[in-house]
Amino acid sequence: LSQDELKKIAAYKAVEFVESGMVVGLGTGSTAKHAVDKIAELLHTGKLKNIIGIPTSKITHEQAVSLGIPLSDLNKHPIVDLSIDGADEVDQEMNLVKGRGGSLLREKMVEAASKKFIVIVDESKLVNYLGGSGLAMPVEIVPFCWEFTLKRLEMLFIEAGCVGKLRTVGENGEAYVTDNGNYIIDLYFKKDMGDLKAASDAILRLAGVVEHGMFIDMATTVIVAGKLGVSVTNK
Ligand code: DER
246 LSQDELKKIA AYKAVEFVES GMVVGLGTGS TAKHAVDKIA ELLHTGKLKN IIGIPTSKIT
306 HEQAVSLGIP LSDLNKHPIV DLSIDGADEV DQEMNLVKGR GGSLLREKMV EAASKKFIVI
366 VDESKLVNYL GGSGLAMPVE IVPFCWEFTL KRLEMLFIEA GCVGKLRTVG ENGEAYVTDN
426 GNYIIDLYFK KDMGDLKAAS DAILRLAGVV EHGMFIDMAT TVIVAGKLGV SVTNK
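Per this note's numbering, residue 246 is the first one in the sequence shown, and the count goes up by one each step.
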């Protein structure tokens, strides 16, 4: 089974938990994309009715519009019944790193407003500790004096051998700009960053930081698709 087939298995399993009449947070990324496709299919076959989608990014908004999923936003629906989204890393306590797709702020706003938050991953996303994959832990920051903020983020985690990089696009290295007009600093750790709550609080205390990609104690269910099958774990 390819990684994308595993993503699809996890996504379709999550959509089994969507009930007619729900307000559903629609995640962002290649795994969540399959869940959005499936929800649209069930709406069109009549198996699901009266679903309102709350997209977590402009790209998911466009996908849902093209599929004919009725959409709204948090202003009109401040409480979301169920959100389904992917993750870049999942640790043993179901804490997540998200945001390598750049949508962490809107994802966190929608998923924090959700009664249930189902995370869908293929087994490659499982880690021993957040930051452990050696891949980025994204932080959304304001563009103003971004180098100053990057250095302060690195200093916070100097013990963990943290290095920060401005996320860029294209060959001329232009800064990536999020849906919200902000920049992203990708943090890379050589060692465990230690207590996640303390790390989260320290990052958010920095003026200039908007939000970070650690989703601590937010997932209520994790669905993992692997070579041996699919598992559903509830908090
Ligand atoms: O950027 C994001 O937060 C995405 O949800 C990411 O965490 C998962 O993306 P993937 O399903 O394409 O791996």
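By construction, the Cβ of each residue, glycine as well, lies at the ideal position given by its N, Cα and C atoms.
Predicted model only: the values in this text are computed from it and were never measured.
Only residues of its own chain outside the window of five on either side were considered, and among them G347, L350, E385, I429 have a CB closer than 7 Å to the CB of T423, listed in chain order. Across the structure, E338 and L319 are spaced so that their CA atoms are roughly 28 Å apart. For K370, the Cβ falls inside the 8 Å cut-off from some heavy atom of ligand 1.
Taking a contact as a CB-CB distance under 8 Å, the pair V325 and E334 does not count as one, their CB atoms being some 23 Å apart. In this structure, T466 lies near F362, with their beta-carbon atoms less than 9 Å apart. The C-alpha of A357 lies about 23 Å from the C-alpha of L432. In the structure shown, T290 adopts coil according to DSSP, grouped into three states. Rounded to the nearest whole angstrom, the CA to CA distance from K258 to S378 is 25 Å.
The continuous stretches of alpha helix (DSSP H) do not include H322, and DSSP gives it neither H nor E.
The beta carbon of K283 is closer than 8 Å to those of A256, Y257, V260 in its chain, skipping five residues each way along the sequence. The shortest C-alpha to C-alpha distance from G344 to any of A381, S359, D440 is the one to A381.
Judged by beta-carbon spacing, V469 lies beyond the 9 Å limit of L327, meaning their Cβ atoms are not closer than that value. Where D333 is concerned, there is no enclosing alpha helix (DSSP H), because DSSP gives it neither an H nor an E. Residue environment analysis places D330 among the buried positions, since at least 16 neighbouring C-beta atoms fall within 10 angstroms of its C-beta. In the DSSP assignment, E419 is bridged to V414.
Residue ranges of uninterrupted beta strand (DSSP E) with 3 or more members, entirely inside the stretch 356-433 and ordered along the chain, are 359-367, 382-386, 408-411, 428-433.
The residue among S445, G453, G409, E250 with its C-alpha nearest the C-alpha of F460 is S445. Between N295 and G266, the C-beta spacing is below 9 Å. Cβ-Cβ distances below 7 Å link V455 to L350, E385, I386, V387, N427 in the same chain, with the five nearest sequence neighbours on each side left out; the list follows chain order. Straight across, the Cα-Cα distance linking A443 with K292 is about 45 Å. Checking the 8 Å criterion, the Cβ of S275 is within range of a heavy atom belonging to ligand 1. The C-alpha of F434 lies about 37 Å from the C-alpha of S317. Each of G453, D367, T301 was checked against the Cα of S247, and the nearest Cα belongs to D367.
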